[in-house]
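Chemist: In mature numbering (1 follows the signal peptide of the UniProt record, and there is no 0), the protein residues as written are 11 to 312. Note that the Cβ used here is the ideal one computed from N, Cα and C, for glycine as well. One structure, as structure tokens, below. Some questions next.
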Ligand code: SD4
């Protein structure tokens with residue numbers, strides 16, 4: 011348990027994102043603003059190949075980004091498979107605030123972002139291009155997504171991916187955001203859980219919020235983040251709710267679950283938080299008035 015305001019984020023790189031968000035939260039700012047500002051940090055990080063600008067491309071060499079955002083009123087916005095715009099979290103917010111819609115995809119999302127004044131630019135970096143060329147030499151598209159699992163081995167330099175963020179501001183209002191380049195070398199057009207409200211992210215200001223990371227297909231199948239929030243509504247602690255959601259994935263597809271990583275992170279209205287993952291190696295970052303750089307290893311089934 012922590013005091014309010016508070017922000018929590020997936021993976022080690024959540025620490026830097028939280029610190030940026032904290033600049034807003036600590037001054038009494040709105041959770042939604044903190045989420046957007048925080049998520050833009052890994053999106054801009056050139057060393058981060060799983061979120062934003064330097065994200066690994068799909069198997070056709072195209073960088074396609076997914077993100078969503080949700081506020082305390084149940085407003086939400088999302089972009090999926092969007093190319094050529096470096097900050098999908100901001101486009102998701104613009105979809106939420108400037109359109110009657112929730113979700114824009116592909117060219118339509120890019121077109122909308124440009125109309126809103128965002129810069130159209132090529133996102134594929136030399137490092138990402140080189141990684142894609144290397145992958146092409148042996149490219150076998152496997153729906154088991156072993157690449158992803160390797161990214162989660164403890165100590166691996168790829169031990170981080172999608173950033174999911176949940177914040178409660180000083181007024182007690184909850185918002186969340188999620189942004190990713192998705193599975194490295196995915197099929198062109200593939201969309202994961204991250205931009206899908208209820209799967210990669212869900213916020214209910216009466217109850218709490220949840221977000222997910224890992225193999226999105228299994229999260230979508232179980233409407234994971236909505237499930238976590240509904241379990242908290244029924245009285246589960248954040249950690250127990252995340253554990254039950256992971257358990258559903260394992261129960262439904264036990265053989266698949268052995269091969270993949272999925273992690274959930276949740277916070278309830280009181281500011282209590284928790285996380286659970288299928289595999290070892292998951293971590294999350296917490297920031298409140300006591301600690302701005304706390305990193306906690308996630309618990310796992312295996
Ligand atoms: C997805 N959940 O696209 C995202 C990416 C991720 O580990 O978190 N990968 O499925």
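Return the bridge partner residues of residue 78 from the DSSP annotation.
Modeler: Answer is 88, 188.
Chemist: Go ahead and pull the three-state DSSP assignment for residue 339.
Modeler: Residue numbering for the chain in the displayed model covers 11 to 312; residue 339 lies beyond these limits and cannot be assessed.
Chemist: Between the alpha carbons of residue 295 and residue 52, how many angstroms are there, rounded?
Modeler: Their backbone Cα atoms lie some 13 angstroms apart in a straight line.
Chemist: What's the C-alpha gap between residue 259 and residue 271?
Modeler: C-alpha separation (whole angstroms): 10 angstroms.
Chemist: For residue 86, collect the residues of the same chain with a Cβ closer than 7 angstroms to its Cβ; drop the 5 residues on either side in sequence, then sort them by chain order.
Modeler: Counting only Cβ-Cβ distances below 7 angstroms, and skipping sequence neighbours, we find 78, 79, 80, 106, 112, 207.
Chemist: Can you check DSSP and say which residues form a bridge with residue 10?
Modeler: In this structure the chain extends from 11 to 312, so residue 10 is not present and cannot be described.
Chemist: Closest by CA to residue 276, which one among 200, 186, 205, 261?
Modeler: Cα-wise, what sits closest to residue 276 is 186.
Chemist: For a quick check, are the C-beta atoms of residue 228 and residue 268 less than 9 angstroms apart?
Modeler: Their beta carbons are not under 9 angstroms apart, which means residue 228 does not touch residue 268 by this criterion.
Chemist: Out of curiosity, what's the CA-to-CA distance linking residue 283 and residue 147?
Modeler: Rounded to the nearest angstrom, the two C-alpha atoms are 43 angstroms apart.
Chemist: Excluding the 5 residues flanking residue 34 on each side, which residues of the same chain have their C-beta closer than 8 angstroms to its C-beta?
Modeler: Once the five neighbours on either side are set aside, the close Cβ partners of residue 34 are 40, 43, 44, 47.
Chemist: So, does the region 172-179 touch the region 219-226, judging by three or more C-beta pairs under 8 angstroms?
Modeler: These segments touch.
Chemist: Which first and last residues belong to the alpha helix (DSSP H) in which residue 94 is found?
Modeler: Here residue 94 belongs to no alpha helix (DSSP H), and DSSP marks it neither H nor E.
Chemist: If we count the other Cβ atoms within 10 Å of its Cβ and call it buried at 16 or more, is residue 131 buried or exposed?
Modeler: The residue is exposed, with fewer than 16 neighbouring Cβ atoms inside 10 Å.
Chemist: For residue 252, tell me which candidate among 144, 265, 235, 121 has the shortest Cα-Cα distance.
Modeler: If we check each option's Cα against that of residue 252, 235 comes out closest.
Chemist: Could you pull out every residue in the same chain whose Cβ sits closer than 7 angstroms to the Cβ of residue 67, ignoring the five residues on either side in sequence?
Modeler: Excluding sequence neighbours, residue 67 sits near 73, 134, 138, 142.
Chemist: Going by other Cβ atoms of all chains shown within 10 Å of its Cβ, with 16 needed for buried, is residue 13 buried or exposed?
Modeler: So residue 13 counts as exposed.
Chemist: Would you mind reading off the limits of the alpha helix (DSSP H) that contains residue 19?
Modeler: Where residue 19 is concerned, there is no enclosing alpha helix (DSSP H), although the beta strand (DSSP E) it sits in stretches over 16-20.
Chemist: Would you kindly report the start and end of the unbroken beta strand (DSSP E) that includes residue 307?
Modeler: 304-307 is the span of the beta strand (DSSP E), which, as asked, contains residue 307.
Chemist: Flag this pair as yes or no: are the beta carbons of residue 309 and residue 249 separated by less than 9 angstroms?
Modeler: Yes, these two residues count as a Cβ contact at 9 angstroms.
Chemist: Please classify residue 312: does DSSP put it in a helix, a strand, or coil?
Modeler: Reduced to three states, the DSSP call for residue 312 is coil.
Chemist: For residue 295, which of helix, strand or coil comes out of DSSP?
Modeler: Strand.
Chemist: With a cut-off of 8 angstroms on the beta carbons, I'd call residue 256 and residue 311 a contact; round off their distance for me.
Modeler: Yes, residue 256 and residue 311 are in contact; Cβ-Cβ is about 6 angstroms, under 8 angstroms.
Chemist: Between the C-alpha atoms of residue 203 and residue 26, what's the straight-line distance to the nearest angstrom?
Modeler: Going by the C-alpha atoms only, they are around 23 angstroms apart.
Chemist: Excluding the 5 residues preceding and the 5 following residue 302 in the sequence, name in chain order all residues of the same chain whose CB lies nearer than 6 angstroms to its CB.
Modeler: Correct list, in chain order: 29, 32.
Chemist: Alpha carbon to alpha carbon, what distance is there between residue 88 and residue 197?
Modeler: The straight-line gap from Cα to Cα measures roughly 20 angstroms.
Chemist: Quick check on residue 112: does DSSP put it in helix, strand or coil?
Modeler: Three-state result, residue 112: coil.
Chemist: Might you give, ordered along the chain, the residues of its own chain that have their beta carbon closer than 8 angstroms to the beta carbon of residue 59, omitting 5 neighbours on each side?
Modeler: Around residue 59: 65, 66, 137, 138, 141, 168, 191, 194.
Chemist: What is the DSSP secondary structure of residue 28, reduced to helix, strand or coil?
Modeler: Residue 28 falls in the helix class under three-state DSSP.
Chemist: Compute the Euclidean distance between the alpha carbons of residue 91 and residue 115, then round it to the nearest angstrom.
Modeler: Using only the alpha carbons, I get a separation of about 6 angstroms.
Chemist: For residue 82, which residues in the same chain have their Cβ closer than 8 angstroms to its Cβ, ignoring the five residues on either side in sequence?
Modeler: Here the set comprises 41, 42, 183, 184, 185, 213, 215.
Chemist: Going by CA-CA distance only, name the one from 54, 76, 273, 21 that's closest to residue 286.
Modeler: Of the listed residues, the one whose Cα sits closest to residue 286 is 273.
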